[in-house]
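**Q** The structure is given below, and queries will be raised subsequently.
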Amino acid sequence: MRPFYYERAETAVGAVASSGPGTHYLAGGTTMVDLMKLDVQRPTRLVDISGLEGGRYDFIRWDGDALRIGALTTMAKLADDEQVRRRAPVLSDALWLAASPQIRNMARISGNVLQRTRCPYFRDTSYAQCNKRVPGSGCAALDGGVTRHHAVLGTSDQCIATYPGDFAQALIALDAVVEILSPDGPRSVRFADMHVLPGGKPDRETMLKEGDLIVAFSIEDAAFPRSKYLKVRDRESYAYALASAATALRMEGDTVADVRLGLGGVATVPWRAKEAEASLRGGPLDESALERAAQIAFAGATTTEENAFKVDLGKRTMVRALLETARMEG
Amino acid sequence: MSDDHDRFDNFSRRTLMKGGAAGAAMLPMGARAQSMSAGGASATGPSVQRIEVSLDINGQRRDLTIDTRSTLLDVLRHELELTGSKKGCDHGQCGACTVHVDGQRTLSCLTLAAQAEGTKVVTIEGLSDEDNLHPMQRAFVENDAFQCGYCTPGQIMSGVACITEGHAGSDAEIREYMSGNLCRCAAYPNIVAAVKQARTEMGG
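Line by line, the protein sequences give chains X and A.
Heads up: the first sequence runs through residues 1 to 330, numbered per our numbering.
Heads up: the second sequence runs through residues 1001 to 1204, numbered per our numbering.
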């Protein structure tokens, strides 16, 4: 690991004010310390934000159907929150199905949504080619690499690395908003707008600018007792998704009044299947409607020989998740 | 805090503000900022930084001067000779380094030692008093819940937390909530049995 300065920030304002080139925030450290050991992340200075203002950014607060969650809340705390489990189970599911208990105790939800891809060519610096790690160097995955885990949606000819997280799919499905403290003051962005497609600049993963500090996530309408996260993986626990679906439903009789669909394990960024949602809204959740929605969701898929299976797996995961969600009590 | 420490703090902030090569070029050769190179890889990165920390390990205060890069695991094993916590993967994937930080099971390999200041750390060495094994330790012995034993300290620390968290309700739940601890000898069925036995004794 390369040397760095370590500093503890006492306040959010202080943390933002001390930002600068080469400086990264450190909270749970589960991504940052791992990638520093691998020499993928090379901060010259870490500002420890894990204990800001005596836990001021560690909270879960309901106001009617609106939910606001502090950025430094641990994954474990949110996953185990009784009210969240009951009123918005998709949020809880997406967390307890992720990582390990130890990591969930350490990782904060703001770092969780910013975790980096598990693409082996990104994580292993002995590969010279990685447009995400070294802009313009090429892509070892597309250049004959092993691509079984790579993305089929939102890819570019520069990068097909999968966005690895689970919780982000739940946030995007529920229209979450990210509250940011930046050097210019506070601002909010839709979670759906935070991550950016790889396109020609895979090294740029979010629209966050230097010094931006996520302070909270808010969901205006989070009351989706009929919601869930379905995760399909090679190993039953402690593994990244091959395909996953975050679903939330509101039914009026047999008619879909509202449906939300986030897809994981298959895309380069947290993925909202808006067109598939639109095809389901106002109709029944029957076999032909679900099949059509799945076709729409994966219509733009680009595959390699090794990851082509993710299209069928992704469709089946999404259909199964919707059917299981429909059977939940509303 | 010593004068040296204050100087280091002021210095690091100033360096950052100036940024880049200009800041690095101003590094003093004092006790705090040593002149070792940054591995030769970065022209603008800082040199090795040493800081003073005060840690609470198994109820004892330990004052140390450490490289900022030190993980809690490395400090436990190398500085404090508490070698019960094991280094398996060193990347948070195996759980052999599991300790309790403020009562929460935590991966000491992904925790910077500097971050542990102000917390209470309990390692496998601090789990029981000198004369008696912790119920979880006894359960591991009685259920033959290990073969080579390398993962065992992490399994035991994780098993205790699994029960105190309330996630040891059934075999399936124990397996799910122990999944962060790998055992290459595959003693899993006996580990589940041990956690179940200890759950009864711990009243979980």
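We put the beta carbon where it would ideally sit given N, CA and C, even for glycine.
My output table needs one value for glycine 1023(A): the three-state DSSP class, helix, strand or coil.
**A** Here glycine 1023(A) scores only 32 on pLDDT, less than 50, and its place in the model should not be relied on; the value that follows carries that caveat. The answer is helix: DSSP assigns glycine 1023(A) an H, G or I state.
**Q** Note down, in chain order, each residue of its chain lying with its Cβ closer than 8 Å to the Cβ of glutamate 53(X), except the 5 sequence neighbours on either side.
**A** Answer for glutamate 53(X): Glu10, Thr11 and Ala12, listed in chain order.
**Q** Please work out which residues of its chain come closer than 7 Å, Cβ to Cβ, to proline 1135(A), disregarding the five sequence neighbours upstream and downstream, and give them in chain order.
**A** Ala1198, Glu1201 and Met1202.
**Q** Residues of chain X with CB under 7 Å from alanine 1114(A), in chain order?
**A** Result: Tyr6.
**Q** With DSSP run on the structure shown, which of helix, strand or coil describes tyrosine 127(X)?
**A** Three-state result, tyrosine 127(X): coil.
**Q** Residues of chain A with a CB under 9 Å from the CB of asparagine 307(X): which are they?
**A** Going along chain A, no residue has its Cβ under 9 Å from asparagine 307(X), so there is no contact; the nearest lies around 23 Å.
**Q** Tyrosine 238(X) touches chain A at which residues, Cβ-Cβ below 8 Å?
**A** Correct list: Ser1179 and Gly1180.
**Q** For the segment 298-309 of chain X and the segment 205-216 of chain X, state whether three or more C-beta atom pairs, one from each stretch, are separated by less than 8 Å.
**A** The segment 298-309 of chain X, when compared against the segment 205-216 of chain X, does not touch it at the 8 Å Cβ threshold.
**Q** Considering only DSSP beta bridges, list what threonine 96(X) is partnered with.
**A** Here the sequence assigns tryptophan to residue 96(X), which means threonine is not the residue at that position. Tryptophan 96(X) is not bridged to any residue.
**Q** In chain X, which residues lie with their C-beta within 7 Å of the C-beta of glutamate 1176(A)?
**A** Ordered by position in chain X, the residues that pass the 7 Å Cβ test against glutamate 1176(A) are Ser237.
**Q** When DSSP builds the beta bridges, which residues end up paired with histidine 24(X)?
**A** Partner(s): Leu46(X).
**Q** Going along the chain, which unbroken runs of the alpha helix (DSSP H) with 4 or more residues stay wholly within the segment 278-309 of chain X?
**A** DSSP runs (the alpha helix (DSSP H)) wholly in the segment 278-309 of chain X: 287-297.
**Q** Who are the Cβ neighbours of leucine 1073(A) in its own chain at under 7 Å, not counting the five residues just before and after it?
**A** So the list reads Ser1085, Lys1087, Cys1097, Ser1108 and Cys1109, once near-sequence residues are dropped.
**Q** Could you give the distance in angstroms between the alpha-carbon of histidine 1005(A) and the alpha-carbon of aspartate 1102(A)?
**A** With a pLDDT of only 39 at histidine 1005(A), under the threshold of 50, the placement of this residue in the model should not be trusted, and no figure is reported.
**Q** Taking all protein chains shown into account, do 16 or more other C-beta atoms lie within 10 angstroms of the C-beta of asparagine 1132(A), making it buried, or fewer, making it exposed?
**A** Burial call: exposed.
**Q** Where does lysine 1120(A) sit, in a helix, a strand or coil, going by DSSP?
**A** It is a strand residue.
**Q** For the segment 47-66 of chain X, enumerate the residues whose C-beta is nearer than 9 Å to any C-beta of chain A, in chain order.
**A** Correct list: Asp48, Ser50 and Gly51.
**Q** How would you label valine 1192(A), buried or exposed, when you count the other beta carbons within 10 angstroms and need 16 or more for buried?
**A** Counting Cβ neighbours within 10 Å, valine 1192(A) comes out buried, since at least 16 surround it.
**Q** In the DSSP assignment, the alpha helix (DSSP H) including methionine 328(X) goes from what residue to what residue?
**A** That residue, methionine 328(X), is in no alpha helix (DSSP H); it is neither H nor E in DSSP.
**Q** For a cutoff of 8 Å on Cβ pairs, would you count isoleucine 103(X) as touching chain A?
**A** Closer than 8 Å to some Cβ of chain A, the Cβ of isoleucine 103(X) qualifies, so yes.
**Q** Nearest CA to the CA of serine 218(X): which residue from Gly64(X), His150(X) and Thr255(X)?
**A** Comparing Cα-Cα distances from serine 218(X) to each of Gly64(X), His150(X) and Thr255(X), the minimum goes to Gly64(X).
**Q** Pairing CB atoms from the segment 131-144 of chain X with CB atoms from the segment 230-250 of chain X, are three or more of them under 8 Å?
**A** Too few Cβ pairs lie closer than 8 Å, so no.
**Q** What separation, rounded to the nearest whole angstrom, lies between the Cα atoms of asparagine 105(X) and glycine 1092(A)?
**A** When rounded, the distance between both Cα atoms is 12 Å.
**Q** Under 8 Å Cβ to Cβ from aspartate 258(X), same chain only, skipping five residues before and after it: list those, please.
**A** Taken in chain order, the residues that qualify are Ala248, Leu249, Arg250 and Arg281.
**Q** Compute the beta-carbon to beta-carbon distance between threonine 317(X) and serine 244(X), rounded to the nearest angstrom, for a pair I have assumed lies under 8 Å.
**A** Yes, threonine 317(X) and serine 244(X) are in contact; Cβ-Cβ is about 6 Å, under 8 Å.
**Q** Work out the CA separation of histidine 1167(A) and lysine 201(X) for me, nearest whole Å.
**A** For lysine 201(X) and histidine 1167(A), the distance between alpha carbons rounds to 43 Å.
**Q** Could you give the uninterrupted runs of the alpha helix (DSSP H) lying entirely in the segment 161-235 of chain X, keeping only those of 4 residues or more?
**A** Within the segment 161-235 of chain X, the complete alpha helix (DSSP H) runs of at least 4 residues are 167-173 and 191-194.
**Q** Need the endpoints of the alpha helix (DSSP H) that glycine 262(X) sits in, please.
**A** No alpha helix (DSSP H) holds glycine 262(X); the beta strand (DSSP E) holding it covers 255-264.
**Q** Between the beta-carbon of leucine 230(X) and the beta-carbon of arginine 320(X), is there less than 8 Å?
**A** In contact: leucine 230(X) and arginine 320(X) (Cβ atoms closer than 8 Å).
**Q** Are there three or more Cβ pairs, one per stretch, closer than 8 Å when the segment 160-169 of chain X is compared with the segment 103-118 of chain X?
**A** Touching, yes, given that three or more Cβ pairs across the two stretches are closer than 8 Å.
**Q** Kindly confirm or deny that the segment 1144-1151 of chain A and the segment 1110-1128 of chain A touch, where touching means at least three C-beta pairs closer than 8 Å.
**A** The segment 1144-1151 of chain A is not in contact with the segment 1110-1128 of chain A.
**Q** Sort Tyr238(X), Gly314(X) and Ala128(X) by Cα distance to tyrosine 1177(A) and report the nearest one.
**A** Comparing Cα-Cα distances from tyrosine 1177(A) to each of Tyr238(X), Gly314(X) and Ala128(X), the minimum goes to Tyr238(X).
**Q** Could you please give me the residues that DSSP links to methionine 1136(A) through a beta bridge?
**A** Methionine 1136(A) pairs with nothing; no bridge assigned.
**Q** Does glycine 330(X) have its Cβ less than 8 Å from a Cβ in chain A?
**A** No, its Cβ sits nowhere closer than 8 Å to a Cβ of chain A.
**Q** Which residues mark the beginning and the end of the beta strand (DSSP E) in which glycine 111(X) is found?
**A** Element bounds for glycine 111(X): not the beta strand (DSSP E) but the alpha helix (DSSP H), 109-113.
**Q** Can you find a C-beta in chain X that's less than 8 Å from the C-beta of glycine 1045(A)?
**A** By this cut-off, glycine 1045(A) is an interface position.
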